[in-house]
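Following: one structure in structure tokens, then a few remarks.
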Amino acid sequence: MDRYGLFVDAGYLFAEAGGLCAGTKRRSELRCDDAGLVEELRALAGRHSGLPPLRIYWYDGARDAVPTVAQRRLAILPDLKLRLGRIVRLTQKGVDSLLVSDLITLAHERAIVTAYVLTGDEDVREGIAAAQALGVRVVLVGIDSGVPNQARTLVREADELILLEAAFWARFIGRVGDAGKTDGEAAALTRASRVAAGVAMKLLRDLPPERIQELLAGHPVIPSRLDARLLRAGERALGSLRDRPGVKAELRAGFWRELRSGPLAGTGGAVDGPSRPAGATGRIV
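Quick note: the sequence shown, position 130, residue 224 per the working numbering, numbers continuous.
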């Protein structure tokens, strides 16, 4: 039976999603609904591929290879394999090589036909290429923080790119002590998306086509005056945006979603920005 494998670089996940949703990349300051996140990633890959999973491979660092309480909690989840590298001077060592080794081994043994790889590190690129040479389709999964956070060479190598926005991550990741705010923040992100869509729709009505094309060509950078206007609209609807990086990111992402789905999206001005280099399909979920 054909199956997919899901490969998660936890260092990339917590650094980028933590910065996006909680304003910090420090693991000690972050909380995570591990079981909920794993189940949602599993469901997303299943919907996208139409295949059952082999298992999820979760890569992280640990001092002296001794798992933390959170890592031990992850390790007992069904169909999840915890793979630990080392932490040396606050830096992970050996994590990428573990991911590459597993990816190539599973491809060689024909255990999977599709691999979903959540990472941003260039060091994984050769492993992706080797798996593809063995017949595996590789889908790169990223965290849409509004700026590119994955190596361009890595994105070009993959068969497809899926970017998951702030609204996805905010359901599972936040700052320690804010556990009761998850539902409220999720609702705020939904409202932010609507506010941003309204700003973009007004621009589509008011600006001439050539100006819209200039904006599209500049993706993902929003001109400063327009960005300030977008954030003011968000504050009128949602209150102060101070210390709410996830809401700010969703305002910007929602703006681009609406603008890039407008009537000029198929013109020469609507080009993929730096987060979606040629050779990959950008799909935001």
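Heads up, the beta-carbon is just placed ideally off N, CA and C, and yes, glycines get one too. Note that the coordinates shown come from a computational prediction; the quantities given were computed from them, not determined experimentally.
If you compare the alpha carbons of F101, R120 and R125 with that of G271, the shortest gap goes to R125. Here A260 is near G340, since their CB atoms are less than 8 Å apart. Under the three-state reduction of DSSP output, I267 falls in the strand class. The alpha carbon of V211 has as its nearest neighbour, out of H202, L197, A205 and A224, the alpha carbon of L197. In this model, G348 and L135 are separated by some 22 Å (Cα to Cα). The beta carbon of G113 sits closer than 8 Å to those of K119, S239 and P339, all from its chain and outside the five residues before and after it, given in chain order. As a beta-bridge residue in DSSP terms, C126 pairs with I267. Spatial neighbours of L335 in its own chain (CB-CB distance under 7 Å, excluding positions within 5 residues in sequence) are listed in chain order as L325, G328, E329, V341 and K342. Here A252 has I222, V232, V233, L234 and A374 as same chain residues with Cβ atoms under 7 Å from its own Cβ, once five neighbours each way along the sequence are excluded. Counted as a single uninterrupted DSSP element, the alpha helix (DSSP H) harbouring I198 occupies residues V189 to H202. Remark: fewer than three beta-carbon pairs, one from each stretch, lie closer than 8 Å, so the region 280-296 and the region 132-147 are not flagged as touching.
The alpha-carbon separation between S191 and Q244 amounts to approximately 17 Å.
By the neighbour-count criterion, in which a residue is buried when 16 or more other Cβ atoms sit within 10 angstroms of its Cβ, I170 is exposed. The beta carbon of A290 sits closer than 6 Å to the beta carbons of L345, G348 and F349 from its chain, once the five residues preceding and following it are set aside; these are given in chain order.
Beta-bridge analysis with DSSP links P147 to Y98. Here DSSP, grouped into helix, strand and coil, assigns I256 to strand.
In the structure shown, T208 falls within a strand segment according to DSSP collapsed to helix, strand and coil. Rounded to the nearest angstrom, the gap between the Cα atoms of D96 and D300 is 51 Å. Within a 10 Å sphere around the beta-carbon of A227 sit fewer than 16 other beta-carbons, which makes this residue exposed. When beta bridges are read from the DSSP output, W152 appears opposite V102 and L176.
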